[in-house]
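Since the structure comes first, as structure tokens, the remarks are kept for the end.
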Amino acid sequence: MLAKEFQKHLNAEKNPFQQALAKKDYADFMVKLDSIQNNAFINTLIKVKNREDLDAYTTLPEVQLKNPPRETLTEQAQYPGGFEKLRTQVADLFYQESVHADEKHIRAEVLFMVERDGTISNVHAEGHNFTFNRQAEIALYLLPEKFSPAKSNGNAVRYRFRLPLALTFD
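Every position in the sequence shown, counted from 1, becomes a number in this note's numbering once 1241 is added.
What follows is the structure in structure tokens.
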């Protein structure tokens, strides 16, 4: 919607100097909007992490970080559309402008639990770059679809999932 309104304003402006100023104002506005949106995502991540930490203290000590043995697992957790769709959606949701890196290649492994109802929890990214890790966690929490849960003998079970991620700067 913003892009359409900007384009209308730009098309209506006949002075090339005013057009250039409008483009610069739009670019500055979008950077500020991205920053505001990223802060909102980070605040949401903090709320979710705090809620998960509190749940760990208030629920029964049933939380297991290990998957059931493969022999008893009849169906693994799956993202709708498969692993490649999961990676594509995470990449689309990833806010790479906030990643500050001294290296050309950054890697992280994101670990999370797929709950019995298909939601995800306990997202934790492990890697050498703090900002990359946080953005990876935020992207996982923003996924629009639920997983199909893992099953053991027909019953839904919690499942630990690993997602390797990498970012290359040109």
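C-beta: ideal position from N, C-alpha, C; glycine also.
Exercise for review: Would you kindly work out how many angstroms separate the C-alpha atoms of Asn1394 and Glu1356, rounded to a whole number?
Suggested key: Residue numbering aside, residue 1394 sits at position 153 when the sequence shown is read from its first letter. Residue numbering aside, residue 1356 sits at position 115 when the sequence shown is read from its first letter. Each residue's Cα considered, the two are about 16 angstroms apart.
Check your understanding: Given Phe1353, which residues of its chain have a CB within under 8 angstroms of its CB, disregarding the five upstream and five downstream residues?
Key -> As a position in the sequence shown, residue 1353 is number 112, starting the count at 1. Within the same chain, Phe1353 has close Cβ partners Ile1361, Ser1362, Asn1363, Val1364, His1365, Leu1381, Arg1401, Phe1402, Leu1404.
Review point. Which residues in the same chain as Asp1420 place their Cβ atom closer than 8 angstroms to its Cβ, once the five residues preceding and following it in sequence are excluded?
Key: Residue 1420 is absent from the model: the chain starts at 1242 and stops at 1411.
Point to revise | Glu1367 - DSSP class collapsed to helix/strand/coil | key: Here residue 1367 corresponds to residue number 126 of the sequence shown, with the count starting at 1. Reduced to three states, the DSSP call for Glu1367 is strand.
Point to revise | Phe1258 versus Leu1327 - alpha carbon distance | key: Along the sequence shown, one-based indexing puts residue 1258 at 17. Along the sequence shown, one-based indexing puts residue 1327 at 86. Taking the straight line joining both Cα atoms gives about 44 angstroms.
**Study point:** Per DSSP, the bridge partner or partners of Asn1394
**Key:** Taking the sequence shown and counting its residues from 1, the one referred to as residue 1394 is at position 153. According to DSSP, Asn1394 bridges with nothing at all.
Check your understanding: From Gln1260 to Gln1317, what distance separates their C-alpha atoms?
Key -> In the sequence shown, counting from the first residue as 1, residue 1260 sits at position 19. In the sequence shown, counting from the first residue as 1, residue 1317 sits at position 76. Each residue's Cα considered, the two are about 54 angstroms apart.
Point to revise | DSSP-derived helix/strand/coil call for Leu1301 | key: Position 60 of the sequence shown, counted from the start, is the residue given in the question as residue 1301. With a pLDDT of only 47 at Leu1301, under the threshold of 50, the placement of this residue in the model should not be trusted; the figure read from the coordinates follows. Of the three classes helix, strand and coil, the one that applies to Leu1301 here is coil, per DSSP.
Point to revise | CB contact flag (Ile1347, Phe1371, <8 angstroms) | key: Walking along the sequence shown from the start, residue 1347 turns up at place 106. Walking along the sequence shown from the start, residue 1371 turns up at place 130. No, these two residues do not count as a Cβ contact at 8 angstroms.
Exercise for review: Output the boundary residues of the beta strand (DSSP E) element that contains Ala1407.
Suggested key: Position 166 of the sequence shown, counted from the start, is the residue given in the question as residue 1407. Note, Ala1407: beta strand (DSSP E), 1400 to 1409.
Practice item. Please list, in chain order, all residues of the same chain as His1250 whose beta carbon is under 7 angstroms from its beta carbon, the five residues on each side excluded. Key: Residue 1250 sits at position 9 when you count from the first residue of the sequence shown. Taken in chain order, the residues that qualify are Ala1263.
Point to revise | Phe1324, enclosing alpha helix (DSSP H) - first and last residue | key: Against the sequence shown, residue 1324 aligns to sequence position 83. In the DSSP annotation of this structure, the continuous segment of the alpha helix (DSSP H) that includes Phe1324 starts and ends at 1324 to 1334.
Point to revise | Which of helix, strand or coil DSSP assigns to Arg1375 | key: Along the sequence shown, read from residue 1 onward, the residue named residue 1375 stands at position 134. Helix at Arg1375.
Exercise for review: Within the same chain, show all residues whose beta-carbon is closer than 6 angstroms to that of Glu1303, passing over the 5 residues directly before and after it, in chain order.
Suggested key: Numbered from 1 along the sequence shown, position 62 holds the residue referred to as residue 1303. Because Glu1303 sits at a pLDDT of 49, beneath the cut-off of 50, its placement in the model cannot be relied upon, and the point is left open.
Check your understanding: The beta strand (DSSP E) spanning Leu1352 covers which residue range?
Key -> Translated into the one-based positions of the sequence shown, residue 1352 becomes position 111. Taken as a continuous stretch (DSSP letters only), the beta strand (DSSP E) holding Leu1352 covers 1346 to 1355.
Practice item. Measuring alpha carbon to alpha carbon, tell me which of Lys1345, Asn1256, Phe1247 ends up nearest Tyr1267. Key: Taking the sequence shown and counting its residues from 1, one reaches residue 1267 at position 26. Among Lys1345, Asn1256, Phe1247, the Cα nearest to that of Tyr1267 belongs to Phe1247.
Check your understanding: Given a threshold of 16 other Cβ atoms within 10 Å of its Cβ, counted over all protein chains shown, does Ala1332 qualify as buried or as exposed?
Key -> As a first step, residue 1332 must be located in the sequence shown, where it is residue number 91. The residue is exposed, with fewer than 16 neighbouring Cβ atoms inside 10 Å.
Point to revise | DSSP three-state assignment for Gln1317, whether helix, strand or coil | key: Taking the first residue of the sequence shown as position 1, residue 1317 is located at position 76. Of the three classes helix, strand and coil, the one that applies to Gln1317 here is coil, per DSSP.
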